[in-house]
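Chains as they are written, first to last, in this note's numbering: chain A, 2 to 228; chain B, 2 to 228.
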DNA sequence: ATAGCCTTCAAACGTTCGTTTGAACGCGAT
DNA sequence: ATCGCGTTCAAACGAACGTTTGAAGGCTAT
């Protein structure tokens, strides 16, 4: 038996973050206690308050650790697209792919906890606790502004209000897909080995969302425009 | 001062259900205490356990009260469509409308608590607690089976697996739209008076979802078919 | 060695949780 | 009138909650 394990024990902070991430995903924020977290992380009960200050601050840290890099990736992917296009309009589907890909890639990382996080994130969009929703909103804001501008340019003909709704629908589809990937069984029939296949999922999501974004304007909207 | 108020006080059971519905929506299940519920309902603390047995049974009752009628409406609407069509294939958009309309109608009922419920429902799809997800799944099962069959007939050319995913996306969009109607402000720009307009929302959702359902098959899916 | 600082620890803090209890109440049937 | 039954009530139960405390370790720099 080696003195050092193959995977050396991470420091207390990281172990707490990993344990919290997994437990928050499994039980939700309110139903996950400090004692559950510290037990799973194999640290003392007081460690959370020592390193993070409070339970709420821990929740915030769990999100920040992964969400900031993820949104940076999103912005970088969008800028890459815009540079390649050299001023030409982007295809809506390409923008969709740039947005969804970073989160889908995390879905494949089951061992490192990425999947836990991304499913947790999907649920956080509809969190009851106001502070958490505001936190998510704030962390998303920079990427959101960039993508909104990109869609406005790519879909220049579309009324702004309609575009806002369609982006809303798009985020909903993504959030739900991330959060509830095991509920697909409700309607049954998905091959288990494909359930977390990011490439396949990106194809499917991009096809669905791009078509939805480009759908003909609904009647009442056309009426409103004529008035 | 009349002896009986204009709106007579409902019986204890209903008062508890109404209060619980509103509080669950506002704070989530885990963070809503029996004392909060009984205080809002103006009943004794022990009343919940007397009338429902436990907190969990109360949660179940909150869902059953509205979900059973709602899904009955959905099935009735679908049968009406099928009778009118007299054996001809249904338009996918018509099926979508039949499914989403009952929940959107509840969204307009702010005073009666329908809006509370439907937003709560949207969140319940991704509930952490396994028992609640299973309950929702069980309550939805009959309607789900009918609509799955209807889509399979309306989209006969589509591979079953692709259809399952697209239905999944569709439920996600609806759930998110119901649960997070105030998050639209993240991307800003929606007229407040239209936010809960069921007719407008149905037009928008139907256009978006029907287009998504009918989207061209993604590449990898076509490849899989060829193999 | 020892002083200083960051970290960990067991124990306890006061509060709130879901649930239970047994007495009191209201009221139609006997 | 009184019995029985469904309901409401104040009070209390033990357990679990997030957080705090003060002492004990473990380390580097002096």
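We put the beta carbon where it would ideally sit given N, CA and C, even for glycine.
Quiz item: Where does residue 69 of chain A fall in DSSP's three states?
Solution: Counting from one through the first chain, the residue named residue 69 of chain A turns up at place 68. Residue state, collapsed to three classes: helix.
Quiz item: Looking at the C-beta of residue 124 of chain B, does it have a partner C-beta in chain A at a distance below 8 Å?
Solution: Along the second chain, one-based indexing puts residue 124 of chain B at 123. With 8 Å as the cut-off, residue 124 of chain B counts as an interface residue toward chain A.
Quiz item: Using a Cβ-Cβ distance under 8 Å, would residue 31 of chain A count as near chain B?
Solution: Along the first chain, one-based indexing puts residue 31 of chain A at 30. It does; some Cβ of chain B falls within 8 Å.
Exercise. Would you kindly check if the distance between the Cβ of residue 169 of chain A and the Cβ of residue 178 of chain B is under 8 Å?
Key: On the second chain, residue 178 of chain B is found 177 positions in, with the first residue counted as 1. On the first chain, residue 169 of chain A is found 168 positions in, with the first residue counted as 1. Closer than 8 Å, so yes.
Exercise. Can you give me, in chain order, the residues of the stretch 100-128 of chain A that have a beta carbon less than 7 Å from any beta carbon in chain B?
Key: Residues 123, 124, 126, 127.
Self-check item: chain B within 8 Å of residue 204 of chain A, Cβ atoms only
Solution: Start at 1 with the first residue of the first chain, and residue 204 of chain A comes out as number 203. Cβ-Cβ to chain B under 8 Å: yes for residue 204 of chain A.
Quiz item: Taking one C-beta from the stretch 110-123 of chain A and one from the stretch 55-71 of chain A each time, how about it: are there three or more such pairs within less than 8 Å?
Solution: Enough Cβ pairs lie closer than 8 Å, so yes.
Quiz item: Is it true that the stretch 140-154 of chain B meets the stretch 137-155 of chain A, where meeting means three or more beta-carbon pairs spaced less than 8 Å apart?
Solution: The stretch 140-154 of chain B, when compared against the stretch 137-155 of chain A, does not touch it at the 8 Å Cβ threshold.
Quiz item: Mapping DSSP to helix, strand and coil, what is residue 128 of chain A?
Solution: Mapped onto the first chain, residue 128 of chain A falls at position 127. Residue 128 of chain A: coil per DSSP, three-state reduction.
Self-check item: Inter-residue spacing [alpha-carbon to alpha-carbon] between residue 174 of chain B and residue 101 of chain A
Solution: In the second chain, counting from the first residue as 1, residue 174 of chain B sits at position 173. In the first chain, counting from the first residue as 1, residue 101 of chain A sits at position 100. Straight through space, the alpha carbons of residue 101 of chain A and residue 174 of chain B are spaced by roughly 15 Å.
Quiz prompt | Cβ-based neighbour list, residue 167 of chain A, same chain, cut-off 7 Å, excluding 5 preceding and 5 following | solution = In the first chain, residue 167 of chain A corresponds to position 166, counting from 1. 213, 214, listed in sequence order.
Quiz item: In terms of alpha-carbon separation, which member of A:65, A:95, A:18 lies closest to residue 114 of chain A?
Solution: Translated into positions along the first chain, residue 114 of chain A becomes position 113. Sorting A:65, A:95, A:18 by C-alpha distance to the C-alpha of residue 114 of chain A places A:18 at the top.
Quiz item: On the premise that residue 97 of chain A lies in contact with residue 11 of chain A, defined as a C-beta separation below 8 Å, what is that separation, rounded to the nearest angstrom?
Solution: As a working mapping, residue 11 of chain A is identified with position 10 in the first chain. As a working mapping, residue 97 of chain A is identified with position 96 in the first chain. The beta-carbon separation of residue 11 of chain A and residue 97 of chain A, rounded to 35 Å, does not stay under the 8 Å limit for a contact.
Self-check item: residue 49 of chain B beta carbon less than 8 Å from that of residue 22 of chain B
Solution: The residue you call residue 22 of chain B lines up with position 21 of the second chain. The residue you call residue 49 of chain B lines up with position 48 of the second chain. Contact flag unset, no.
Quiz item: At a Cβ cut of 7 Å, what residues of the stretch 21-45 of chain B count as close to chain A, listed as they run along the chain?
Solution: Using a CB distance below 7 Å, the part of the stretch 21-45 of chain B facing chain A consists of 27, 28, 29, 31, 32, ordered along the chain.
Quiz item: Is residue 117 of chain A near the ligand FMN, judged by its Cβ being under 7 Å from some heavy atom?
Solution: What this structure holds is no ligand at all, so the ligand FMN is not there to describe.
Practice problem: Have a look at B:66, B:91, B:77 and flag the residue whose alpha-carbon is nearest the alpha-carbon of residue 143 of chain B. | Solution: Along the second chain, one-based indexing puts residue 143 of chain B at 142. Taking only the C-alpha atoms, the option nearest residue 143 of chain B is B:77.
Practice problem: Compare the C-alpha of residue 27 of chain A against each of A:124, A:220, A:131 and name the closest. | Solution: Stepping through the first chain from its first residue, residue 27 of chain A is reached at position 26. Comparing alpha-carbon positions, the option among A:124, A:220, A:131 lying closest to residue 27 of chain A turns out to be A:124.
Quiz item: Does residue 219 of chain B have its Cβ less than 8 Å from a Cβ in chain A?
Solution: Here residue 219 of chain B corresponds to residue number 218 of the second chain, with the count starting at 1. So yes, residue 219 of chain B belongs to the interface.
Self-check item: Assigned exposure category for residue 46 of chain B - 16 Cβ within 10 Å defines buried
Solution: Within the second chain, the letter at position 45 stands for residue 46 of chain B. Residue 46 of chain B is exposed by the Cβ-count criterion.
Practice problem: Could you pull out every unbroken alpha helix (DSSP H) segment of at least 4 residues lying fully inside the stretch 7-67 of chain A, listed in chain order? | Solution: Listed in chain order, they are 13-28, 35-42, 48-52.
Quiz item: Going along the chain, which residues of its own chain have a beta-carbon closer than 6 Å to the beta-carbon of residue 180 of chain A, five neighbours each way excluded?
Solution: Locating residue 180 of chain A in the first chain gives position 179, where the first residue counts as 1. When the five nearest sequence neighbours on each side are left out, the beta carbons in the same chain lying within less than 6 Å of the beta carbon of residue 180 of chain A are those of 120, 123, 124, in order along the chain.
Exercise. Check the Cβ of residue 178 of chain B against every Cβ in chain A and list those closer than 8 Å, keeping chain order.
Key: Within the second chain, residue 178 of chain B is the residue found at index 177, counting from 1. Within chain A, the residues near residue 178 of chain B are 169, 170, 173.
Quiz item: Out of curiosity, what's the CA-to-CA distance linking residue 171 of chain B and residue 51 of chain A?
Solution: Taking the first residue of the second chain as position 1, residue 171 of chain B is located at position 170. Taking the first residue of the first chain as position 1, residue 51 of chain A is located at position 50. Straight through space, the alpha carbons of residue 51 of chain A and residue 171 of chain B are spaced by roughly 44 Å.
Quiz prompt | Distance, residue 30 of chain A Cα to residue 131 of chain B Cα | solution = Residue numbering aside, residue 131 of chain B sits at position 130 when the second chain is read from its first letter. Residue numbering aside, residue 30 of chain A sits at position 29 when the first chain is read from its first letter. Approximately 15 Å, taken between the alpha carbons.
Quiz item: Near residue 36 of chain A, which residues of its chain fall below 8 Å by C-beta distance, leaving aside the five closest residues on each side in sequence?
Solution: For this step, residue 36 of chain A is matched to residue 35 along the first chain. For residue 36 of chain A, same chain residues with a beta-carbon under 8 Å away, outside a window of 5 residues either side, are 46 in chain order.
Quiz item: Going by alpha carbons, who is nearest to residue 240 of chain A out of A:160, A:55, A:67?
Solution: Coverage of chain A is limited to positions 2 through 228, which leaves residue 240 of chain A absent and any answer about it impossible.
Practice problem: Go ahead and pull the three-state DSSP assignment for residue 217 of chain B. | Solution: Here residue 217 of chain B refers to the residue found at position 216 when the second chain is read from its first residue. If DSSP states are grouped into helix, strand and coil, residue 217 of chain B belongs with coil.
Practice problem: With DSSP collapsed to three states, give me the class of residue 80 of chain A. | Solution: In the first chain, residue 80 of chain A corresponds to position 79, counting from 1. DSSP places residue 80 of chain A within a helical segment (H, G or I) once states are collapsed to three.
Quiz item: In terms of residues, what are the limits of the alpha helix (DSSP H) holding residue 160 of chain A?
Solution: The count along the first chain starts at 1 and reaches residue 160 of chain A at position 159. Residue 160 of chain A: not part of any alpha helix (DSSP H); DSSP gives it neither H nor E.
Quiz item: Among B:133, B:85, B:80, which one has its Cα closest to the Cα of residue 61 of chain B?
Solution: Counting from 1 along the second chain, the entry for residue 61 of chain B is found at position 60. That would be B:133, whose Cα lies nearest to the Cα of residue 61 of chain B.
Practice problem: Kindly list the residues whose CB is nearer than 8 Å to the CB of residue 110 of chain A, restricted to its own chain and excluding five residues on each side of it in sequence; keep chain order. | Solution: Counting from one through the first chain, the residue named residue 110 of chain A turns up at place 109. Around residue 110 of chain A: 116.
Quiz item: Can you name the residues of chain B whose CB is closer than 8 Å to the CB of residue 1 of chain A?
Solution: Only positions 2 to 228 of chain A appear in the structure, and residue 1 of chain A is not among them; the question remains open.
Quiz item: Who are the neighbours of residue 209 of chain A on chain B, taking C-beta pairs under 7 Å?
Solution: Here residue 209 of chain A refers to the residue found at position 208 of the first chain. Taking a Cβ-Cβ cut-off of 7 Å, the neighbours of residue 209 of chain A in chain B comprise 167, 170, 213, 216, given in sequence order.
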